[in-house]
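Everything on this sheet refers to the single structure shown next.
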Amino acid sequence: MAIDFTDPAFIQDPYPGLAALREQGAVTWHEPTGQFLAAGHAAADAVLRDRRLGRFWQDREPAEVYEPFNLLHRNQMMENEPPVHTRLRSLVAKAFARGHVERLREPIAAAAGKLVREAGPRFDLLADVAGPLAVTVIAELLGVPQADRPRLRPWSAAIVRMYEVSRTPETERAALDACREFAAYLRDLAARRAEEPRDDLISHLVAVRELAPDELVASAILLLNAGHEASVNALGGGMVALLRHPAQLSRLREDPSLIPTAAEEMIRYDSPLHMFVRTAAADVEIAGVRVPAGHRIAALLGAANRDPAVFAEPDTFDVSRDPNPHLGFGAGLHFCLGAPLARIELQAGLRALLPLRLELAAEPVNRPTFVLRGYEAIPVVIGTSE
1 MAIDFTDPAF IQDPYPGLAA LREQGAVTWH EPTGQFLAAG HAAADAVLRD
51 RRLGRFWQDR EPAEVYEPFN LLHRNQMMEN EPPVHTRLRS LVAKAFARGH
101 VERLREPIAA AAGKLVREAG PRFDLLADVA GPLAVTVIAE LLGVPQADRP
151 RLRPWSAAIV RMYEVSRTPE TERAALDACR EFAAYLRDLA ARRAEEPRDD
201 LISHLVAVRE LAPDELVASA ILLLNAGHEA SVNALGGGMV ALLRHPAQLS
251 RLREDPSLIP TAAEEMIRYD SPLHMFVRTA AADVEIAGVR VPAGHRIAAL
301 LGAANRDPAV FAEPDTFDVS RDPNPHLGFG AGLHFCLGAP LARIELQAGL
351 RALLPLRLEL AAEPVNRPTF VLRGYEAIPV VIGTSE
């Protein structure tokens, strides 16, 4: 029986189903979605790295209905291959280089600490800490004014629902509205930065004049969406994993030097991004399976990150796991540009939360989504510092 990506029980805990799929074969055909699925680690890695597989944007139809969404995607780096991808990525790469983001480590740590201190004894880990931290970091980098930042996450949350198998007419309408509003906002902000430049990425992109207006807007929205959506879910899902494994939580509190490996394990154990689809430009063989030209194949990152051929006891949450060659940030040409920043942010959130006696106040509420996995709410109670 084919796996159902819209089944609420599967979305609640996809890993048993993904393990069963992986046991059927590293690459299998999935009739309901009309694509191949790469569930093994080696196969998923090959899908991400093979240059005969690419991201080739096709406008959603009818075009007049979906144009706000199509406009943002046909003009962004993630939906293009070289030379367009190379040009777009090179224009923003410096802002995310390791040396530059390292200078943000202390401000990010300060922001995380402030959010935790202000959260009070009972709070929602997503709404009060993970969400605001992620938005603050990426908005600061791009130069979004403080007063406008509360609008970013609702826009982003609406748009990314379009990537799901389970989207509805209501979620599509909300996404298209968000695309229009977000794009209009970014055009206005870019115009303001053209008149009064500041030391931020939007001003830089306006100044280089190598981006068409639609490319600038699409690039900024991609960075704002990708720059906080995965970070929110990584910290949220990672903290839920920690709270459900008290021995690992105690171990991490006793030895904070494990925070970097714990952060990587959070991304591996409950991957924020579960599916990355590519299209064959020519016939390709992945794990012994022929993928004909024009066919799609999805790298199932969550399945790959639980592959027993690569990870010892893959269903065990281990904050000291090393090495940890997870695919949470992708691989190859489209490897996550913001990975160094995301790591700093995740570690900062951990350092701010670890000293507190934190417990789940109620069962976390899952988002009804698979491609971008996460929670809608994580109610917690914290005590005094230990």
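Going letter by letter, the sequence shown gives residues 1 to 386 in the UniProt record's numbering.
Even for Gly, the Cβ is constructed at its ideal location relative to N, Cα and C.
If you're wondering where the values come from, they're calculated on a predicted model, not measured in any experiment.
DSSP three-state assignment for residue i, whether helix, strand or coil
i	result
Asp124	strand
Thr86	helix
Glu102	helix
Arg296	strand
His30	strand
Leu358	strand
Leu337	coil
Ala110	helix
Val137	helix
Ile382	strand
Val319	coil
Cys45	A small correction: the amino acid at residue 45 is Asp; Cys does not occupy that position in the sequence shown. Reduced to three states, the DSSP call for Asp45 is helix.
Ile3	coil
Pro169	helix
Arg187	helix
Glu313	coil
Continuous beta strand (DSSP E) stretch holding residue i: start and end
i	result
Glu376	Tyr375 to Ala377
Ala286	In the sequence under discussion, the amino acid at residue 286 is Ile, which differs from the Ala named in the question. Start and end: Val284 to Ile286.
Val129	First-last for Val129: undefined, no H or E at that position.
Element boundaries [alpha helix (DSSP H), containing residue i]
i	result
Val371	Note, Val371: premise wrong, no alpha helix (DSSP H); not H, not E.
Leu252	Pro246 to Glu254
Ala158	Leu152 to Val160
Val65	Ala63 to Arg74
Arg22	Tyr15 to Gln24
Pro8	Pro8 to Gln12
residue 393	Nothing can be reported for residue 393: it is not among the residues displayed for the chain, which extend from 1 to 386.
Which residues DSSP lists as bridging residue i, in chain order
i	result
Leu273	Leu372
Glu35	Glu is not the amino acid found at residue 35; the sequence shown has Gln there. DSSP lists His30 as partners of Gln35.
Thr261	Answer by DSSP bridge pairing: none, since Thr261 is not bridged.
Leu53	Ala280
Arg367	Arg367 pairs with nothing; no bridge assigned.
Arg290	Glu285
Closer than 8 Å to chain C by CB, residue i
i	result
His30	The structure shown contains no chain C; it holds only a single protein chain.
The ligand HEM heavy atom lying under 7 Å from the CB of residue i
i	result
Pro62	Absent from the structure shown: the ligand HEM. Ligands present: none.
Specify whether the region 289 to 297 and the region 246 to 266 touch according to this definition: at least 3 beta carbon pairs, one from each stretch, less than 8 Å apart. Because the criterion of three Cβ pairs below 8 Å is not met, the region 289 to 297 and the region 246 to 266 do not touch.
The region 208 to 220 in contact with the region 342 to 358 per 3-pair CB rule at 8 Å: no
Taking only runs that begin and end inside the region 193 to 244, name each unbroken beta strand (DSSP E) of 3 or more residues, in chain order. none
Does the contact criterion of 3 or more C-beta pairs under 8 Å hold for the region 362 to 374 versus the region 8 to 18? yes
So, does the region 33 to 52 touch the region 304 to 322, judging by three or more C-beta pairs under 8 Å? Yes, since at least three Cβ pairs between the region 33 to 52 and the region 304 to 322 fall closer than 8 Å, the two stretches touch.
Say whether the region 210 to 229 touches the region 181 to 192, bearing in mind that this needs 3 or more beta-carbon pairs closer than 8 Å, one atom from each stretch. Counting Cβ pairs under 8 Å, three or more are found: they touch.
Stretch pair the region 352 to 362 + the region 89 to 102: three plus CB contacts closer than 8 Å: no
Counting Cβ pairs closer than 8 Å, one from the region 319 to 335 and one from the region 260 to 267, do we hit at least three? yes
Between the region 310 to 318 and the region 52 to 63, can you find at least three pairs of beta-carbon atoms closer than 8 Å? no
If we count Cβ pairs, one from each stretch, closer than 8 Å, do we get three or more for the region 193 to 200 versus the region 145 to 164? no
Can you confirm whether the region 243 to 251 touches the region 106 to 123 when touching is taken to mean that 3 or more C-beta pairs between the two stretches lie within less than 8 Å? no
Any chance the region 162 to 177 sits against the region 106 to 116, with 3 or more Cβ pairs inside 8 Å? Contact between the region 162 to 177 and the region 106 to 116 is not established, with fewer than three Cβ pairs separated by less than 8 Å.
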